[in-house]
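Visitor:
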Ligand SMILES: C[S@@+](CC[C@H](N)C(=O)[O-])C[C@H]1O[C@@H](n2cnc3c(N)ncnc32)[C@H](O)[C@@H]1O
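Residue numbers (the working numbering): 8 to 240.
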């Protein structure tokens with residue numbers, strides 16, 4: 008899925024909650040069409056002179072790369088898209104001692120992958136960091152999805168080959184990890200599929216108004232009747 012309802016909260020965290028002198032660092036696992044990655048990139052570009060946004064996907068989409076190439080980032084506004092499997096790249100990020108303020112996990116939705124990804128979360132985060140795991144609820148909560156089996160991924164060298172496990176689904180992976188990591192807690196901020204994980208007692212989100220809807224996709228009639236402004240002349 009994607010984190011649609013969470014994006015305003017994530018933006019607020021990046022531009023307001025993190026101190027102004029901090030250089031935000033964000034990791035998103037699983038980019039797909041960039042429904043989350045692009046708005047976060049644009050928000051960071053507007054609000055932070057320095058940041059690092061890293062996305063990882065086993066199949067980077069050309070349209071997304073074209074969009075990212077034309078963002079007009081400065082040399083200190085770093086946006087990276089890496090074509091890799093999370094299970095290979097996360098240990099290398101740990102080895103290089105990279106840490107993120109925000110980690111978004113939305114790659115392969117199965118017990119094995121999410122369990123393996125979560126093993127690196129402690130090392131990849133600061134004490135204040137926020138981790139969002141998609142698909143905790145919903146279709147892949149108690150069932151496994153393997154991208155290797157999905158149309159479009161036939162022959163993918165980067166997709167993880169399915170692994171037999173006793174447990175299944177994203178929820179069991181997260182709940183198991185929480186049981187092994189009692190210093191962390193789970194927050195369910197909005198109805199929907201994602202959950203938020205933080206170390207106990209560091210939770211910092213304030214409620215944010217959802218963005219005005221219906222402003223982008225309008226009929227020609229609505230557009231013609233919209234208030235005339237300078238842009239139209
Ligand atoms: C549900 S989509 C991500 C949606 C995206 N987060 C959003 O908000 O729009 C899942 C993506 O994860 C990628 N993926 C699957 N397994 C992966 C893995 N092990 N490592 C990295 N990416 C993976 C797929 O190629 C797919 O693009």
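Virtual Cβ for every residue (Gly too), placed ideally from N, Cα, C. It should be emphasised that the depicted structure is a prediction, and the values quoted were computed from it without experimental measurement.
1) Quick one: what does DSSP say residue 64 is sitting in, helix, strand or coil?
2) Looking only at DSSP bridge pairs, what is residue 10 linked to?
3) Looking at the secondary structure, which residues open and close the alpha helix (DSSP H) in which residue 187 lies?
4) Would you mind working out which of 136, 160 and 76 sits nearest residue 205, comparing C-alpha positions?
5) Compute the minimum distance between the beta carbon of residue 145 and the heavy atoms of ligand 1, and state whether it is under 7 Å.
6) Could you give the residue range of the alpha helix (DSSP H) that holds residue 228?
7) Select from 192, 32 and 13 the residue whose C-alpha is nearest the C-alpha of residue 56.
8) To which residues of the same chain is residue 54 closer than 6 Å at the C-beta, ignoring the five residues directly before and after it?
9) Specify the secondary structure class of residue 30 as computed by DSSP and reduced to three states.
10) Taking buried to mean at least 16 other C-beta atoms within 10 Å of its own C-beta, is residue 223 buried or exposed?
11) In terms of residues, what are the limits of the beta strand (DSSP E) holding residue 109?
12) Between residue 173 and ligand 1, is the CB less than 7 Å from at least one heavy atom?
13) Residue 118 lies in the alpha helix (DSSP H); which residues open and close that run?
Guide: Let me spell this out:
1) strand
2) Under DSSP, no beta-bridge partner is assigned to residue 10.
3) That run of the alpha helix (DSSP H) goes 177-187.
4) 136
5) No, the Cβ of residue 145 stays beyond 7 Å of every heavy atom of ligand 1.
6) 227-232
7) 32
8) 22
9) Residue state, collapsed to three classes: coil.
10) exposed
11) From DSSP, the beta strand (DSSP E) with residue 109 extends over 107-112.
12) No.
13) 118-125
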